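For the sequence shown, position 159 matches number 159 in the numbering used here, and the numbering has no gaps at all.
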Amino acid sequence: MIYKSDEGRRLIHQRYRERLDAWPVPREELRIDTGIGETFVVASGPVDAPPLVVLHGSGANASTWRGDVADWSSHFRVYAVDLPGEPGLSAPTRLALDSDATANWLDEVIDGLGRDTVALVGMSLGGWTALDYVLRKPGRVETLVLLCPGGLGKARYGWLVKAIGLRMIGRHSVRDMARIVLGLDGPEVDPILDDVELTFSHFTPRPAGLPRFRDEQLRTVDIPVLVIVGERDALFDSASTAERARATFPRGEVRLLPGVGHGLLNQTVAVREFVHTHTG
């Protein structure tokens with residue numbers, strides 16, 4: 001069970017539906033049949049525009065992109081995919097990350113969308129998923145954007161020590177942990193923290209870390225790659241992420257944002273310009 005209770009699942013899905021009902025542009029809700037069950041996709045933008053597939057992070061769903069989709073859908077056919085095993089509307093199955101299972105699933109989704117090749121954007125777990133797909137299914141992705149991706153830099157656990165310390169002295173809450181992990185604070189990010197607080201009060205995240213990719217694998221990624229990471233990321237060592245990306249991706253561009261944590265905001269234009277430049 002990925003949810004702690006049926007009521008928790010209901011509350012998370014209710015909040016998700018509220019976010020979908022407030023989607024800033026016209027949308028279609030697609031359900032793609034795959035070998036592990038249905039995959040839920042929110043599609044926006046002209047059907048004949050270049051395809052852009054976007055993958056959210058752990059503990060999230062397609063509503064991650066509600067601040068980006070108005071801009072992106074003016075240029076692309078945007079497909080916001082709910083990852084399986086996460087608190088969206090796709091199958092609750094959690095796929096083995098040390099196998100072809102995740103790439104095979106995403107291959108089925110892209111086939112189901114009727115696309116031969118796509119531009120691919122992934123955040124955190126979605127970034128790991130996107131890069132794993134490029135490595136296992138070469139030729140299907142024209143352009144790759146990785147936002148605070150897992151699998152490159154070392155995982156950090158200092159945030160967990162701090163969170164446990166706050167709990168022990170009675171000052172810890174899910175919202176406190178979200179602020180620490182995402183590096184976000186202030187009234188403008190309250191809606192994001194509201195969603196994270198609700199989700200992680202009722203949802204059980206993946207227990208294991210993300211496998212790290214080998215340098216020799218990364219050197220084979222011969223497509224344009226943009227990597228954007230926050231200098232103060234609490235989950236991944238951004239300095240080593242940036243260093244590895246610069247050293248290995250033959251056509252890579254890396255941006256290390258000073259003072260920014262794991263919660264990358266305001267990257268809409270940077271992503272759109274990179275994809276637009278490198279998409280035929």
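We treat Cβ as the ideally placed atom computed from N, Cα and C, and that holds for glycine. Quick caveat, the model's predicted, so the values are computed rather than measured.
What first and last residue would you give for the alpha helix (DSSP H) that runs through residue 51?
No alpha helix (DSSP H) contains residue 51, which is instead part of the beta strand (DSSP E) from 51-55.
Along the beta strand (DSSP E) that carries residue 32, what are the first and last residues, could you check?
28-34
Our contact map puts residue 90 next to residue 82 with C-beta atoms below 8 Å; I'd like the distance itself, whole angstroms only.
4 Å
Residue 245: which of 207, 154, 79, 234 sits nearest, CA to CA?
154
Return the CA-CA distance between residue 193 and residue 175, expressed in angstroms with no decimal places.
7 Å
For residue 236, write down the residues that DSSP places opposite it in a beta bridge.
Under DSSP, the beta-bridge partners assigned to residue 236 are 155.
Three-state secondary structure (DSSP) at residue 255?
The answer is strand: DSSP assigns residue 255 an E or B state.
Locate the beta strand (DSSP E) running through residue 228, then write down its first and last residues.
Start and end: 225-230.
In chain order, which beta strand (DSSP E) runs of at least 3 residues are fully inside the region 49-137?
51-55, 77-81, 118-123
By a C-beta neighbour count over all protein chains shown, 10 Å radius and 16 as the cutoff for buried, is residue 123 buried or exposed?
buried
Could you tell me which residues DSSP puts in a beta bridge with residue 37?
34.
Look at the Cβ atom of residue 76, then the Cβ atom of residue 106, and state whether they are nearer than 8 Å.
no
Use the C-beta contact count for residue 266: other C-beta atoms within 10 angstroms, 16 or more gives buried, fewer gives exposed.
It counts as exposed.
Near residue 254, which residues of its chain fall below 6 Å by C-beta distance, leaving aside the five closest residues on each side in sequence?
227, 242, 245, 246
Which word fits residue 269, buried or exposed, when buried means at least 16 other C-beta atoms lie within 10 angstroms of its C-beta?
exposed
Express the C-alpha separation of residue 11 and residue 215 in angstroms, rounding to a whole number.
42 Å
Would a C-beta distance cut-off of 8 Å place residue 262 and residue 235 closer than the cut-off?
Contact: yes.
Take every Cβ of the region 15-27, pair it with every Cβ of the region 64-75, and state whether three or more of those distances are shorter than 8 Å.
yes
Looking only at its own chain, which residues have a Cβ that is under 7 Å from the Cβ of residue 209, when we skip the five neighbours before and after it?
155
Taking 8 Å as the cut-off, decide whether the C-beta atoms of residue 231 and residue 256 are in contact.
The Cβ atoms of residue 231 and residue 256 sit closer than 8 Å to each other.
Under 8 Å Cβ to Cβ from residue 41, same chain only, skipping five residues before and after it: list those, please.
Only 29, 30, 31, 32, 62, 79, 80, 81, 82, 109, 113 meet the Cβ criterion.
State the DSSP-derived secondary structure class of residue 204, mapped to helix, strand or coil.
coil
The beta strand (DSSP E) spanning residue 143 covers which residue range?
For residue 143, the enclosing beta strand (DSSP E) begins and ends at 141-147.
How would you write the range of the alpha helix (DSSP H) that residue 9 sits in, first residue to last?
6-21 is the span of the alpha helix (DSSP H), which, as asked, contains residue 9.
Measure the CB-CB distance between residue 59 and residue 18 and report whether it falls below 8 Å.
no
How would you write the range of the alpha helix (DSSP H) that residue 278 sits in, first residue to last?
268-278
Does DSSP put residue 174 in a helix, a strand or coil?
Reduced to three states, the DSSP call for residue 174 is helix.
Can the beta-carbon of residue 36 be found less than 8 Å from the beta-carbon of residue 93?
yes
Measure the beta-carbon distance from residue 131 to residue 147 and round it to whole angstroms, keeping in mind my assumption that it falls under 8 Å.
Their Cβ separation, rounded to whole angstroms, is 11 Å, which puts residue 131 and residue 147 out of contact at 8 Å.
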